[in-house]
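The structure appears right after this line, and notes come after that.
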Amino acid sequence: MLIALAVIGAAGGAAFAQTARDEAQALADARRRAAEAIHRAHALEDQAVRALDAAARARAEAAAVALRIQTAEADIATASARLARIERLRARQQARIAEKQQPITRLAAALQILTRRPPAAAIAQPGSLRDMVHVRALLSSGLPVIAERTASLRAELAAIERLRRQAGQALTELHTARETLQAERIRLARLEGAERDRSARLSDSAMFEQERAMGLGEKARDIAVLMEELEAQAVIRERLATLPGPLLRPRSPGGAPAPAADAPPPVRSDRPPPYRLPVVGRLVSGLGESDESGLHTRGLTLATAAGAQVVSPTWGRISYAGAFRGYGNIVIIDHGGGWTTLITDLATIMVRVGDVVVRGSPVGRAGPGRPTVTVELRRGGVPVDIARLAGIG
């Protein structure tokens, strides 16, 4: 019995420590993503304040709101991971307490039985006196161990109480993050409504481009063919843009000609644009890995929360936005210089063909349940490893 008391709690210690390290790492990753999203949102808010052009200001403000949505989503993931970790720790500690209590409970029951035996029975039965002497010696040596185990149980109970308070704090943080998420989604919906009203006055060319892109999508049998067609049109568009044309009137007399309002920042063809992941989530598969059908993937697939906000990884122009068979709703962004981004498996789309987006502009949302979103970056039709650009691994 004393040996059993001495070794209680040793089994499973290594596995528990490894699991705890994994959970702590996941929690740290979620907190890091939240901090990065907050930093990007503040930068975009500053950009919105500095923007002189109404369209640029609207894009920057929408991008800032979308990133605050992603911040709230990251906060929810952090609080949920923390709460789940606390609940697992509580369950394990309660199991250890129950395990430590069993030998003490059995010993207490045995002592209770001995105290109920009348002294005459001990004299009448041979060996009873020897048993009593043996039990007394056992108690003399075992009481310090029992006292030590009792103190350990008190410490375990105190730890459970601390975890209970931490769980309450995590629940409060989770509730706050969900309220923030709802408020920011409402704000983004209002911004989208204002942008739709503004775009309605300039809708003729946008509708033409949307119909032309959808026509290409219906003709293309494979998504790679669609991207090649759109890339070819982007090259033609870039060549046309280099032709001399009328300059816009300067903002002030004697000033330099103003740039076009919807011109995205130029991208050099020999280097990738500044890039980020379009959604807060967990990496499921990377470039070149085999999927369920045995084919090699051409981008990153991320598991994310239901209805998660999806944003543009960098500046560009929407060249396709709509459904494509086998891929759900997709968005293709032309960054110039032969660089294009494909985002697939969206439930809803928040952009139209011809829209100019900045880094962090909202482009859509993930689906319900346990959705995944796939993003591909290509240069001249060749897939490029996004993990290095986005700082993964």
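Residue numbering for the sequence shown follows the working numbering, beginning at 10 and increasing consecutively.
Don't be surprised by glycine CBs; every beta carbon is placed ideally from N, CA and C.
In this structure the stretch 100-108 does not lie against the stretch 333-342, because fewer than three pairs of beta carbons, one per stretch, are closer than 8 Å. CA-CA distance, I106 to G316, rounds to 41 Å. For L296, there is no enclosing beta strand (DSSP E), since its DSSP letter is neither H nor E. With 16 or more neighbouring CB atoms inside 10 Å of its own CB, V382 falls in the buried class.
Shown here for R291: same chain residues with a beta carbon closer than 8 Å to its own, the five before and five after excluded, namely L311, A312, T313 in chain order. Assignment of D343 by DSSP, reduced to helix, strand and coil, places it in the strand class. For S321, the three-state secondary structure derived from DSSP is coil. Taking a contact to require three or more Cβ pairs closer than 8 Å, the stretch 179-186 and the stretch 65-78 do not qualify as touching. Under the three-state reduction of DSSP, L355 is assigned to strand. Annotation: the continuous alpha helix (DSSP H) that includes L398 extends over 395-398. Sorting V362, W348, A81 by C-alpha distance to the C-alpha of E188 places A81 at the top. Taking one beta carbon from each stretch, the stretch 361-373 and the stretch 321-336 have 3 or more pairs nearer than 8 Å; the two touch. For the set T349, G363, V319, the Cα lying nearest the Cα of L355 is the one of V319.
Beta-bridge analysis with DSSP links A167 to no other residue. One Cα belongs to E385, the other to S89, and the distance between them is close to 29 Å. Between the alpha carbons of G346 and T87 lies a distance of about 38 Å. When beta bridges are read from the DSSP output, A330 appears opposite V340. The shortest C-alpha to C-alpha distance from G331 to any of L309, V362, T350 is the one to V362. Membership of P371 in the beta strand (DSSP E) is indicated by the continuous run 371-374. Distances from the CA of Q178 to each of V393, E96, G308 were compared; the closest alpha carbon is that of E96. T350 and R387 have their alpha carbons spaced roughly 6 Å apart. In the assembly as shown, A203 is an exposed residue. Its beta-carbon has fewer than 16 other beta-carbons within 10 Å. Contact between M359 and G373 holds: CB atoms are separated by about 5 Å, below the 8 Å threshold. Under DSSP, no beta-bridge partner is assigned to A203.
Looking at the DSSP output, T381 shares a beta bridge with A312. Per the DSSP secondary-structure output, T349 pairs in a beta bridge with D343, R387.
In the displayed model, V366 falls within a strand according to three-state DSSP. Taking C-alpha positions only, L162 is separated from T353 by approximately 53 Å.
Scanning Q191, V391, L197, I342 for the CA closest to the CA of Y284 turns up I342. One alpha carbon belongs to E170, the other to R77, and they sit about 34 Å apart.
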